[in-house]
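Visitor: Just passing along the structure, written as structure tokens.
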């Protein structure tokens, strides 16, 4: 494995600070790892939400893990375009969310059309008899739901 | 159109105006935290505020970079006085009751969605990037405001009266949304900015439909105050900035 590939592997497996079952690769926010002409490492990420508070810890974690791999000169760049969409979350990521108890976003997120979503299956009991409590939840990316069948509340990763 | 009409400085001032809109409204919405009518609304309003704050940070950083005087997003947020802020007056209106906050949100988010849908095509890659991300978030903001407008407008007599009063209060401040300052026509012609006048039709259509469905009357007024884009603000902004900036100003150079 080359040095760049090793760095990429280390960064890709970093956990998301807020939803630690997901890695940065699962989230689909890692755009690339390269070596600049002068030898310094450039890691490019795309932020999820405009105001996501996890981006600052993520940037620090990336710098830390690259330095730990023996590369002193590292730059983390934020690439805004194309904008991140939940469609970039991997299938593995969706499975992990469900196991963790968060309803994953459906694919083909298209802005307004997702606002009138159908019922979201309960991650605990699988029932379709669920209700949305609020479009906003504990993090910018999640909405709050509750299951009418088993009674448990759960978060849903919003399609965006 | 000559190159001098779209200088880095004029693009920076445009970014600052959009960033200030988002920053001041984020500050207003944050004040609801722990005071909203229900817990879910504490979360909703602060989530909207956080999205707006994220937009503001990127826009203010861009503005500082184009200005070229080394001002960071923090310098711009915490060390400018009222006369340097370029937000529209609508976002600095005091929160008032919940209906007034919702009315302000409906009118502003509808404008912001129309704006960002077009700004995605800006020739400035940072503005385009902010817009591409924000347009999806603002769709949720607008829908949240619309749903509350429907519930309150088509609700009890009291909620209806309060919602109508709220729309009446905010309405005069919407005129300013569709004007800009002297640089903007050139910036729009150069594909950097969006001419706010083109946003009017889409805004009217959505707002009118929402008000009608909420059994609310579209206000009639001939008074449309403006001046925010030139730094001429209402008294309310002074108090807002004093609260927002006091900690930073009390400890210059501090870091967490």
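Residue numbers (the numbering used here), protein chains in the order written: chain B, 1 to 160; chain A, 161 to 416.
A virtual CB, placed ideally from N, CA and C, is assigned to each residue, including glycine.
Work out the CA separation of residue 12 of chain B and residue 326 of chain A for me, nearest whole Å.
Guide: By one-based count along the second chain, residue 326 of chain A stands at place 166. By one-based count along the first chain, residue 12 of chain B stands at place 12. Computed Cα separation, rounded: 49 Å.
Visitor: If we ignore side chains and look at the alpha-carbon of each, how far apart do residue 36 of chain B and residue 61 of chain B end up?
Guide: Numbered from 1 along the first chain, position 36 holds the residue referred to as residue 36 of chain B. Numbered from 1 along the first chain, position 61 holds the residue referred to as residue 61 of chain B. Each residue's Cα considered, the two are about 20 Å apart.
Visitor: Determine contact between the stretch 18-30 of chain B and the stretch 47-55 of chain B, defined as no fewer than three beta-carbon pairs at a distance below 8 Å.
Guide: yes
Visitor: Whose C-beta lies closer than 7 Å to the C-beta of residue 134 of chain B among residues of the same chain, with five residues either side of it excluded?
Guide: Counting from one through the first chain, the residue named residue 134 of chain B turns up at place 134. Contacts found: 143 and 144.
Visitor: Is residue 270 of chain A buried or exposed, if buried means 16 or more other CB atoms sit within 10 Å of its CB?
Guide: Stepping through the second chain from its first residue, residue 270 of chain A is reached at position 110. Its Cβ being crowded by 16 or more others within 10 Å, residue 270 of chain A is buried.
Visitor: Leaving aside the five residues before and after residue 301 of chain A along the sequence, list all residues of the same chain whose C-beta is less than 6 Å from its C-beta, in chain order.
Guide: Working through the second chain from its first residue, we reach residue 301 of chain A at position 141. 208 and 269.
Visitor: Which residues, in chain order, does the stretch 209-230 of chain A contribute to contact with chain B at a C-beta distance below 9 Å?
Guide: Within the stretch 209-230 of chain A, the residues whose Cβ lies closer than 9 Å to some Cβ of chain B are 209, 210, 211, 212, 213, 214, 215, 216, 217 and 218, listed in chain order.
Visitor: So the alpha helix (DSSP H) residue 60 of chain B belongs to, where does it begin and stop?
Guide: As a first step, residue 60 of chain B is located in the first chain; it is residue number 60 there, counting from the start. First-last of the alpha helix (DSSP H) with residue 60 of chain B: 55-68.
Visitor: In whole angstroms, what is the alpha-carbon distance linking residue 266 of chain A and residue 280 of chain A?
Guide: As a working note, residue 266 of chain A is residue 106 in the second chain. As a working note, residue 280 of chain A is residue 120 in the second chain. Distance between the alpha carbons of residue 266 of chain A and residue 280 of chain A: 21 Å.
Visitor: Can you tell which of A:216, A:380 and A:390 has its C-alpha closest to the C-alpha of residue 340 of chain A?
Guide: Position 180 of the second chain, counted from the first residue, corresponds to residue 340 of chain A. Looking at A:216, A:380 and A:390, the one whose alpha-carbon comes closest to that of residue 340 of chain A is A:390.
Visitor: What is the C-beta distance between residue 233 of chain A and residue 224 of chain A, in whole angstroms, given that I count them as a contact (C-beta under 8 Å)?
Guide: Against the second chain, residue 233 of chain A aligns to sequence position 73. Against the second chain, residue 224 of chain A aligns to sequence position 64. With a Cβ gap of about 6 Å, residue 233 of chain A and residue 224 of chain A count as contacting.
Visitor: So with CB distances below 7 Å, who are the chain B contacts of residue 141 of chain A?
Guide: A query on residue 141 of chain A cannot be resolved here, the shown segment of chain A reaching from 161 to 416 and no further.
Visitor: By the criterion of Cβ-Cβ separation under 8 Å, what are the contact partners of residue 286 of chain A in chain B?
Guide: For the purposes of this step, residue 286 of chain A is taken as the residue at position 126 of the second chain. The answer, in chain order, is 80.
Visitor: Which runs of the alpha helix (DSSP H) at least 4 residues long sit entirely within the stretch 283-318 of chain A? Give them in chain order.
Guide: Runs found: 285-313.
Visitor: Please list the partners that residue 126 of chain A has in chain B, where partner means a Cβ-to-Cβ separation under 8 Å.
Guide: The structure shown does not extend to residue 126 of chain A, since chain A spans only 161 to 416, so no value can be given for it.
Visitor: How about residue 40 of chain B and residue 73 of chain B: are their beta carbons less than 9 Å apart?
Guide: One-based indexing of the first chain puts residue 40 of chain B at position 40. One-based indexing of the first chain puts residue 73 of chain B at position 73. Closer than 9 Å, so yes.
Visitor: Under 9 Å, do residue 243 of chain A and residue 408 of chain A count as touching if we go by C-beta distance?
Guide: What you label residue 243 of chain A is simply residue 83 of the second chain in a count that begins at 1. What you label residue 408 of chain A is simply residue 248 of the second chain in a count that begins at 1. No, they are not a contact pair.
Visitor: Thinking residue 154 of chain B and residue 101 of chain B are a contact (beta carbons under 8 Å), I'd like their distance in whole angstroms, please.
Guide: Start at 1 with the first residue of the first chain, and residue 154 of chain B comes out as number 154. Start at 1 with the first residue of the first chain, and residue 101 of chain B comes out as number 101. That belief holds up - the Cβ atoms of residue 154 of chain B and residue 101 of chain B are roughly 6 Å apart, short of 8 Å.
Visitor: For residue 336 of chain A, does the count of other Cβ atoms within 10 angstroms reach 16, so buried, or fall short, so exposed?
Guide: One-based indexing of the second chain puts residue 336 of chain A at position 176. Residue 336 of chain A should be labelled buried.
Visitor: Cβ of residue 293 of chain A within 9 Å of Cβ of residue 88 of chain B?
Guide: Position 133 of the second chain, counted from the start, is the residue given in the question as residue 293 of chain A. Position 88 of the first chain, counted from the start, is the residue given in the question as residue 88 of chain B. Not a contact, by the Cβ cut-off of 9 Å.
Visitor: Between the C-alpha atoms of residue 98 of chain B and residue 296 of chain A, what's the straight-line distance to the nearest angstrom?
Guide: Walking along the first chain from the start, residue 98 of chain B turns up at place 98. Walking along the second chain from the start, residue 296 of chain A turns up at place 136. Going from the Cα of residue 98 of chain B to the Cα of residue 296 of chain A covers about 24 Å.
Visitor: Straight-line CA distance for residue 192 of chain A to residue 202 of chain A?
Guide: Start at 1 with the first residue of the second chain, and residue 192 of chain A comes out as number 32. Start at 1 with the first residue of the second chain, and residue 202 of chain A comes out as number 42. Within the model, the alpha-carbon separation for residue 192 of chain A versus residue 202 of chain A is close to 7 Å.
Visitor: When you compare the CB positions of residue 252 of chain A and residue 363 of chain A, do they come within less than 9 Å of one another, or not?
Guide: As a working mapping, residue 252 of chain A is identified with position 92 in the second chain. As a working mapping, residue 363 of chain A is identified with position 203 in the second chain. Remark: C-beta atoms of residue 252 of chain A and residue 363 of chain A do not approach each other more closely than 9 Å.
Visitor: Report yes if the CB atom of residue 353 of chain A is closer than 9 Å to the CB atom of residue 400 of chain A, and no otherwise.
Guide: Looking up residue 353 of chain A in the second chain gives position 193. Looking up residue 400 of chain A in the second chain gives position 240. No, these two residues do not count as a Cβ contact at 9 Å.
Visitor: Taking residue 204 of chain A as the query, report the chain B residues whose CB atoms sit under 8 Å from its CB, ordered along the chain.
Guide: Looking up residue 204 of chain A in the second chain gives position 44. Ordered by position in chain B, the residues that pass the 8 Å Cβ test against residue 204 of chain A are 134, 135 and 136.
Visitor: Could you say if the stretch 164-173 of chain A and the stretch 204-218 of chain A meet the contact criterion of at least three C-beta pairs nearer than 8 Å?
Guide: no
Visitor: Under three-state DSSP, which class holds residue 114 of chain B?
Guide: On the first chain, position 114 is the one that residue 114 of chain B refers to. Residue confidence is low: residue 114 of chain B scores 48 on pLDDT, short of 50, so the model does not pin down where it sits. Its coordinate-derived value is still stated next. If DSSP states are grouped into helix, strand and coil, residue 114 of chain B belongs with the helices.
Visitor: Could you tell me which chain A residues have their CB closer than 7 Å to the CB of residue 49 of chain B, listed as they occur along the chain?
Guide: Taking the first residue of the first chain as 1, we reach residue 49 of chain B at position 49. Result: 211, 214 and 297.
Visitor: Span of the beta strand (DSSP E) holding residue 92 of chain B?
Guide: The residue given as residue 92 of chain B occupies position 92 in the first chain. Where residue 92 of chain B is concerned, there is no enclosing beta strand (DSSP E), although the alpha helix (DSSP H) it sits in stretches over 91-100.
Visitor: Could you give the first and the last residue of the continuous alpha helix (DSSP H) run that contains residue 272 of chain A?
Guide: Within the second chain, numbered from 1, the residue matching residue 272 of chain A stands at position 112. First-last of the alpha helix (DSSP H) with residue 272 of chain A: 258-279.
Visitor: Going along the stretch 297-325 of chain A in order, which residues come within less than 8 Å of chain B, judged by CB to CB distance?
Guide: 297, 299, 300, 303 and 304
Visitor: Check whether the Cβ atoms of residue 177 of chain A and residue 226 of chain A lie closer than 9 Å to each other.
Guide: In the second chain, the residue the question calls residue 177 of chain A occupies position 17. In the second chain, the residue the question calls residue 226 of chain A occupies position 66. The beta carbons of residue 177 of chain A and residue 226 of chain A sit no closer together than 9 Å.
Visitor: Where residue 277 of chain A and residue 358 of chain A are concerned, what is the direct C-alpha to C-alpha distance, given to the nearest angstrom?
Guide: Along the second chain, read from residue 1 onward, the residue named residue 277 of chain A stands at position 117. Along the second chain, read from residue 1 onward, the residue named residue 358 of chain A stands at position 198. If you take the alpha carbons of residue 277 of chain A and residue 358 of chain A, they lie about 12 Å apart.
Visitor: According to the Cβ coordinates, are residue 313 of chain A and residue 373 of chain A closer than 9 Å?
Guide: Along the second chain, one-based indexing puts residue 313 of chain A at 153. Along the second chain, one-based indexing puts residue 373 of chain A at 213. Yes, Cβ-Cβ distance for residue 313 of chain A and residue 373 of chain A is below 9 Å.
Visitor: For the beta strand (DSSP E) that residue 155 of chain B lies in, which residues bound it at each end?
Guide: Counting from 1 along the first chain, the entry for residue 155 of chain B is found at position 155. Element bounds for residue 155 of chain B: 153-157.
Visitor: Please work out which residues of its chain come closer than 7 Å, Cβ to Cβ, to residue 368 of chain A, disregarding the five sequence neighbours upstream and downstream, and give them in chain order.
Guide: By one-based count along the second chain, residue 368 of chain A stands at place 208. Around residue 368 of chain A: 378.
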